[in-house]
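Engineer:
In UniProt numbering, the protein residues as written are 1 to 294.
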């Protein structure tokens, strides 16, 4: 039996209105410190693509742009001019994607770093490396392993004697699991498993390069303005869906005054995702493994 989801994936039109931060003094909605590169891609059949835009900075900014209404994005020049005159701004939310190069340093070091940010988001492979979980050769993807490892980096404290999954946490944790969806652990409330936009085996998935970065860009833009982890993850999943449908960035065009990406409106796709979430079992079992962050 599927649990009816209470994930607040709001109406696509209302969700794309500027949030309270945008209505105040001009502040950046999103900033990436990642790289922008030009990739050279070689296929097994001998084909090659040159100067394909890529890099974590490129795809995360793409994701943020997908989640931001065109009118708000167009105001960025005015915002920057105002910022130059007035450097004061509210505290920014920091979203941290742990580097694969340092995942071997283990849980303790990552918990120390996590205490300095607002959102921690490794993918499932990076998560298992951080938690030092070794899979057997040929072992298939295991959701249970991911859930148990995620509990460790979200701050499990068995010594406190509490097993309340709704306890306040110091940071948000989002585990991106590609075609398996994502695990979102809010500051307060139960962890939730959200689906991917494209189902496993979908023929529309061409190249997953940059999907995780696009997810985080959209997540950061929405979380920073709305403060809602589940809504942010929903936007992230939809942004990632556009990133995987081709090699390189999605095609953008404006038709009858409407912005389209790969021929579709972001808001329409968000509405479809909302319907999918309503039928998805988002709940997790064994909630006693979840406690507040240290």
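Here a beta-carbon is modelled for each residue, glycine too, at the ideal position from N, C-alpha and C.
Considering residue 48, what are the terminal residues of the beta strand (DSSP E) in which it resides?
Structural biologist: Within the chain shown, residue 48 is the residue found at index 48, counting from 1. First-last of the beta strand (DSSP E) with residue 48: 48–54.
Engineer: Taking 8 Å as the CB-CB cut-off, is residue 180 touching chain B?
Structural biologist: No chain B appears in this structure, which consists of one protein chain only.
Engineer: Give every residue of the same chain whose Cβ lies closer than 7 Å to the Cβ of residue 73, excluding the five residues on either side of it in the sequence, and list them in chain order.
Structural biologist: In the chain shown, counting from the first residue as 1, residue 73 sits at position 73. Caution is warranted here: a pLDDT of 46 is assigned to residue 73, below 50, making its placement in the model unreliable, and the coordinate value is therefore given only provisionally. The residues are 65.
Engineer: Which whole-angstrom value describes the C-beta separation of residue 241 and residue 198, a residue pair presumed to lie in contact below a C-beta threshold of 8 Å?
Structural biologist: On the chain shown, position 241 is the one that residue 241 refers to. On the chain shown, position 198 is the one that residue 198 refers to. About 6 Å; that satisfies the 8 Å criterion.
Engineer: Taking the Cβ atom as the reference point for each residue, do residue 262 and residue 274 lie within a distance shorter than 8 Å?
Structural biologist: In the chain shown, counting from the first residue as 1, residue 262 sits at position 262. In the chain shown, counting from the first residue as 1, residue 274 sits at position 274. No.
Engineer: Based on the DSSP secondary-structure assignment, which residues constitute the bridge partners of residue 184?
Structural biologist: Numbered from its first residue, the chain shown carries residue 184 at position 184. According to DSSP, which records beta bridges pairwise, residue 184 is partnered with 174, 192.
Engineer: Put residue 125 into one of helix, strand or coil per three-state DSSP.
Structural biologist: For the purposes of this step, residue 125 is taken as the residue at position 125 of the chain shown. Of the three classes helix, strand and coil, the one that applies to residue 125 here is helix, per DSSP.
Engineer: Cα separation between residue 245 and residue 51?
Structural biologist: Start at 1 with the first residue of the chain shown, and residue 245 comes out as number 245. Start at 1 with the first residue of the chain shown, and residue 51 comes out as number 51. Cα-Cα distance, rounded: 18 Å.
Engineer: Relative to the alpha-carbon of residue 203, which residue among 269, 179, 284, 61 has its alpha-carbon at the smallest distance?
Structural biologist: Locating residue 203 in the chain shown gives position 203, where the first residue counts as 1. The candidate whose alpha carbon is nearest that of residue 203 is 179.
Engineer: Which of the three DSSP states is assigned to residue 107 in this structure?
Structural biologist: Residue numbering aside, residue 107 sits at position 107 when the chain shown is read from its first letter. Helix at residue 107.
Engineer: Return helix, strand or coil for residue 135, following the three-state DSSP convention.
Structural biologist: In the chain shown, the residue the question calls residue 135 occupies position 135. DSSP places residue 135 in coil when its eight states are reduced to three.
Engineer: Might you give, ordered along the chain, the residues of its own chain that have their beta carbon closer than 6 Å to the beta carbon of residue 208, omitting 5 neighbours on each side?
Structural biologist: Taking the first residue of the chain shown as 1, we reach residue 208 at position 208. Counting only Cβ-Cβ distances below 6 Å, and skipping sequence neighbours, we find 244.
Engineer: Mark residue 181 as exposed unless 16 or more other C-beta atoms lie within 10 angstroms of its C-beta, in which case mark it buried.
Structural biologist: Position 181 of the chain shown, counted from the start, is the residue given in the question as residue 181. Counting Cβ neighbours within 10 Å, residue 181 comes out buried, since at least 16 surround it.
Engineer: Might you give, ordered along the chain, the residues of its own chain that have their beta carbon closer than 7 Å to the beta carbon of residue 222, omitting 5 neighbours on each side?
Structural biologist: As a first step, residue 222 is located in the chain shown; it is residue number 222 there, counting from the start. Only 67, 231, 232, 235 meet the Cβ criterion.
Engineer: Rounding to the nearest angstrom, what Cα-Cα distance links residue 238 and residue 101 in this structure?
Structural biologist: Translated into the one-based positions of the chain shown, residue 238 becomes position 238. Translated into the one-based positions of the chain shown, residue 101 becomes position 101. If you take the alpha carbons of residue 238 and residue 101, they lie about 28 Å apart.
Engineer: DSSP on residue 216, reduced to helix/strand/coil?
Structural biologist: For the purposes of this step, residue 216 is identified with residue 216 of the chain shown, where counting begins at 1. Three-state DSSP puts residue 216 in a helix.
Engineer: Out of curiosity, what's the CA-to-CA distance linking residue 37 and residue 54?
Structural biologist: Translated into the one-based positions of the chain shown, residue 37 becomes position 37. Translated into the one-based positions of the chain shown, residue 54 becomes position 54. Spanning the two alpha carbons is a distance of roughly 5 Å.
Engineer: On the criterion of 16 or more Cβ atoms from any shown chain inside 10 Å, does residue 110 qualify as buried, or is it exposed?
Structural biologist: Translated into positions along the chain shown, residue 110 becomes position 110. Counting Cβ neighbours within 10 Å, residue 110 comes out buried, since at least 16 surround it.
Engineer: According to DSSP, what are the bridge partners of residue 42?
Structural biologist: Your numbering for residue 42 matches position 42 in the chain shown. BP columns for residue 42 point to 48.
Engineer: Would you identify the three-state DSSP class for residue 251, choosing helix, strand or coil?
Structural biologist: Walking along the chain shown from the start, residue 251 turns up at place 251. If DSSP states are grouped into helix, strand and coil, residue 251 belongs with coil.
Engineer: Starting from residue 270, trace the beta strand (DSSP E) both ways and give me its first and last residue.
Structural biologist: As a position in the chain shown, residue 270 is number 270, starting the count at 1. It is not in any beta strand (DSSP E) - residue 270 instead sits in the alpha helix (DSSP H) that spans 266–279.
Engineer: Across which residues does DSSP place residue 259 in a beta bridge pair?
Structural biologist: As a first step, residue 259 must be located in the chain shown, where it is residue number 259. Bridge partners of residue 259: 254.
Engineer: Taking the alpha carbon of residue 228 as the reference point, which residue from 253, 59, 118, 104 has its own alpha carbon closest?
Structural biologist: Indexing the chain shown from 1 puts residue 228 at position 228. The option with the nearest alpha carbon to residue 228 is 118.
Engineer: Comparing C-alpha positions only, which one of 45, 106, 114, 104 sits nearest to residue 97?
Structural biologist: Here the question's residue 97 lines up with position 97 in the chain shown. The option with the nearest alpha carbon to residue 97 is 114.
Engineer: Whose C-beta lies closer than 8 Å to the C-beta of residue 124 among residues of the same chain, with five residues either side of it excluded?
Structural biologist: The residue given as residue 124 occupies position 124 in the chain shown. Excluding sequence neighbours, residue 124 sits near 141, 146, 175, 176, 177, 178, 180.
Engineer: Figure out for me which residue from 257, 225, 248 has the closest Cα to the Cα of residue 56.
Structural biologist: Working through the chain shown from its first residue, we reach residue 56 at position 56. For the residues 257, 225, 248, the minimum Cα distance to residue 56 belongs to 248.
Engineer: What are the boundary residues of the alpha helix (DSSP H) that includes residue 296?
Structural biologist: Since the first and last residues shown for the chain are 1 and 294, residue 296 lies out of range.
Engineer: Whole angstroms is fine: what's the gap from residue 184's alpha carbon to residue 134's?
Structural biologist: Mapped onto the chain shown, residue 184 falls at position 184. Mapped onto the chain shown, residue 134 falls at position 134. Taking the straight line joining both Cα atoms gives about 23 Å.
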